[in-house]
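One structure below.
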Amino acid sequence: MDLLRNFPIGQYVSGRSGWLRSLDPRLKFAWVLMFLISPVLAGSSWRIGLLAALLLITFCGALPTRIVWRSLFFLGLLSSFFGLLAILLPTNQAALELTVRSSQELPNAIALGSSWDVISIGPIAIWKISLGPFAIDRSSAELGIKTSTLIFTVVHSVNLMLLTTSPEDLMWTLRWYLRPIGFVGFPLDRISFQLLLAFRFIPLVQEEFQNLIRSIVNRAVDFRKLGFKKSIGLVLSIGERLLVNILLRAEQGADALLIRNGGILLSPALFKPKNLIRKRTAFLNLISLFGLLLSILLRKKYG
Numbered sequence: 108m109d110l111l112r113n114f115p116i117g118q119y120v121s122g123r124s125g126w127l128r129s130l131d132p133r134l135k136f137a138w139v140l141m142f143l144i145s146p147v148l149a150g151s152s153w154r155i156g157l158l159a160a161l162l163l164i165t166f167c168g169a170l171p172t173r174i175v176w177r178s179l180f181f182l183g184l185l186s187s188f189f190g191l192l193a194i195l196l197p198t199n200q201a202a203l204e205l206t207v208r209s210s211q212e213l214p215n216a217i218a219l220g221s222s223w224d225v226i227s228i229g230p231i232a233i234w235k236i237s238l239g240p241f242a243i244d245r246s247s248a249e250l251g252i253k254t255s256t257l258i259f260t261v262v263h264s265v266n267l268m269l270l271t272t273s274p275e276d277l278m279w280t281l282r283w284y285l286r287p288i289g290f291v292g293f294p295l296d297r298i299s300f301q302l303l304l305a306f307r308f309i310p311l312v313q314e315e316f317q318n319l320i321r322s323i324v325n326r327a328v329d330f331r332k333l334g335f336k337k338s339i340g341l342v343l344s345i346g347e348r349l350l351v352n353i354l355l356r357a358e359q360g361a362d363a364l365l366i367r368n369g370g371i372l373l374s375p376a377l378f379k380p381k382n383l384i385r386k387r388t389a390f391l392n393l394i395s396l397f398g399l400l401l402s403i404l405l406r407k408k409y410g
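Every position in the sequence shown, counted from 1, becomes a number in my numbering once 107 is added.
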């Protein structure tokens with residue numbers, strides 16, 4: 108059982124395949140911010156469009172299939188579960204059962220706002236679906252769509268950036284965006300060093316968690332024989348060991364970075380991506396920048 112190899116979620120996977128790796132990390136970070144911020148107060152159509160665009164970028168990114176498909180599958184299941192949960196949330200049944208006269212029965216009446224139909228295609232309209240104590244109307248359907256698309260878009264966009272961008276490039280990118288506050292005395296070098304440790308911290312957490320799971324599986328622990336109290340004690344001791352190992356590994360990583368530079372914080376300039384502006388990727392970066400600006404304009408008009 109190798110979780111890091113089978114489920115590379117939130118960690119950088121080295122390689123040269125895929126044009127997403129060649130994209131300027133500053134543009135990738137701007138795209139991720141767009142995927143994170145634009146769904147706020149947006150309608151269902153915009154969120155579905157974002158999800159479709161994110162899937163299109165994923166499948167056209169020429170990334171290895173084994174890197175993407177497992178995380179996509181489990182993320183799809185997770186977002187679908189929460190979407191169905193939001194759809195089936197109990198509603199005010201009394202309000203749903205109120206009889207409302209149709210606007211067509213009243214003379215000179217104009218219906219304002221969206222209908223309460225779940226599905227409306229031409230003359231076919233499904234108003235409300237009842238499943239025992241659960242009732243699905245347009246409001247609950249929109250809530251489920253917004254919930255599932257938001258979870259998928261937020262998690263997958265960040266994961267896609269972490270998969271195709273090294274921790275050093277991410278640290279340099281964030282420092283580039285935070286450069287204006289450096290003129291007021293903000294310690295950018297120290298913050299950049301802490302960001303680098305944080306990005307390298309993600310695989311350490313996954314590796315330590317995987318090692319603990321392996322140890323439990325190899326020892327064939329039977330929680331039924333242990334009982335409730337001893338099982339809780341075992342879980343707490345595992346969590347304590349996980350925290351101790353993670354902090355120890357993080358301290359070792361920080362000491363290693365300091366020792367390499369004689370006890371001085373490494374300069375972020377050393378981590379600047381090589382060949383940041385190349386002729387081969389200039390056209391790709393221009394198209395990406397144009398697409399980002401177009402997305403912002405579409406959000407203002409149709410979001």
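For glycine and all other residues, C-beta sits at the position ideal for the given N, C-alpha and C.
Legend entry - Whole-angstrom distance between Leu196 and Gly183, CA atom to CA atom: CA-CA distance, Gly183 to Leu196, rounds to 20 Å.
Inset, instruction - Count the other C-beta atoms from every protein chain shown that fall within 10 angstroms of the C-beta of Gly122, then say buried if there are 16 or more, exposed otherwise. - result: Exposed.
Legend entry - Unbroken alpha helix (DSSP H) run spanning Gly85, endpoints: Outside the displayed span of the chain (108 to 410) sits residue 85, for which this structure offers no information.
Inset, instruction - Could you tell me whether the segment 123–141 touches the segment 383–398, where touching means 3 or more Cβ pairs closer than 8 Å? - result: Result yes; three or more Cβ-Cβ pairs closer than 8 Å.
Legend entry - 8 Å Cβ cutoff met for Leu399 and Ala137: A contact, by the Cβ cut-off of 8 Å.
Inset, instruction - Please list, in chain order, all residues of the same chain as Thr254 whose beta carbon is under 6 Å from its beta carbon, the five residues on each side excluded. - result: Once the five neighbours on either side are set aside, the close Cβ partners of Thr254 are Phe189, Gly190, Ala193.
Inset, instruction - Grab me the residues of Ile155's own chain with a C-beta within less than 8 Å of its C-beta, minus the 5 sequence neighbours each way, in chain order. - result: Spatial neighbours of Ile155 in its own chain (CB-CB distance under 8 Å, excluding positions within 5 residues in sequence) are listed in chain order as Ile252, Thr256.
Inset, instruction - Assign Ser322 to one of two classes, buried (16 or more other C-beta atoms within 10 Å of its C-beta) or exposed (fewer than that). - result: By the 10 Å Cβ count, Ser322 comes out exposed.
Inset, instruction - Determine the direct distance from the alpha carbon of Ala159 to that of Glu249, and round the result to whole angstroms. - result: The alpha-carbon atoms of Glu249 and Ala159 are separated by roughly 17 Å.
Inset, instruction - Could you pull the start and end residues of the alpha helix (DSSP H) that Leu196 belongs to? - result: Note, Leu196: premise wrong, no alpha helix (DSSP H); not H, not E.
Legend entry - Rounded straight-line distance, which links the Cα of Val147 to that of Tyr409: Going from the Cα of Tyr409 to the Cα of Val147 covers about 13 Å.
Legend entry - Distance between beta carbons of Pro171 and Ser124, contact taken as under 8 Å: Confirmed, Cβ separation roughly 6 Å.
Legend entry - Inter-residue Cα distance where the pair is Gly229 and Glu314: Residue placement at Gly229 cannot be trusted, given a pLDDT of 43 that sits under 50; what the coordinates show is reported in the next sentence. Between Gly229 and Glu314, the C-alpha separation is close to 54 Å.
Inset, instruction - Spatial neighbours of Leu311 within its chain, please: CB distance less than 8 Å, with the 5 preceding and 5 following residues excluded, ordered by chain position. - result: The residues are Ile353, Arg356, Ala357, Gly360.
Inset, instruction - Keeping to the same chain, check which residues put their C-beta closer than 7 Å to that of Pro380; ignore five residues upstream and five downstream. - result: Annotation for Pro380: Pro132, Asp276, Trp279 place their beta carbon closer than 7 Å to its own, counting only its chain and skipping 5 residues before and after.
Inset, instruction - Compute the distance between the beta-carbons of Ser145 and Leu163, then report whether it is under 8 Å. - result: Judged by beta-carbon spacing, Leu163 lies beyond the 8 Å limit of Ser145, meaning their Cβ atoms are not closer than that value.
Inset, instruction - Give me the Cα-Cα distance between Lys407 and Phe142, rounded to the nearest whole angstrom. - result: Across the structure, Lys407 and Phe142 are spaced so that their CA atoms are roughly 14 Å apart.
Legend entry - Endpoints, the alpha helix (DSSP H) within which Gly156 is located: For Gly156, the enclosing alpha helix (DSSP H) starts and ends at 151–167.
Legend entry - Contacts around Leu270, its chain only, beta-carbon distance under 6 Å, and the 5 residues preceding and following it disregarded: Excluding sequence positions up to five before and after Leu270, its CB lies within less than 6 Å of the CB of Val120, all in the same chain and listed in chain order.
Legend entry - Residues of its chain near Gln200, where Cβ-Cβ distance is below 6 Å and the 5 sequence neighbours each way are ignored: With a pLDDT of 49 at Gln200, under the threshold of 50, the modelled position of that residue is not reliable, and the figure given next carries that caveat. Result list for Gln200: empty, nothing under 6 Å.
Legend entry - Rounded C-alpha distance that separates Phe300 from Phe306: Cα to Cα, the separation comes out at about 10 Å.
Inset, instruction - Can you have a look at Lys135 and say buried or exposed, based on whether 16 or more other CB atoms are within 10 angstroms of its CB? - result: Counting other Cβ atoms within 10 Å of its Cβ, Lys135 reaches 16 or more and is therefore classed as buried.
Inset, instruction - Inspect the beta-carbon positions of Gly150 and Ile309 and report whether they are closer than 8 Å. - result: No.
Inset, instruction - Output the boundary residues of the alpha helix (DSSP H) element that contains Phe316. - result: Counted as a single uninterrupted DSSP element, the alpha helix (DSSP H) harbouring Phe316 occupies residues 295–326.
Legend entry - Three-state class that DSSP yields for Tyr409 in the structure shown: Correct three-state label for Tyr409: helix.
Inset, instruction - Return helix, strand or coil for Lys70, following the three-state DSSP convention. - result: Missing from the structure shown is residue 70; the chain here goes from 108 to 410 and no further.
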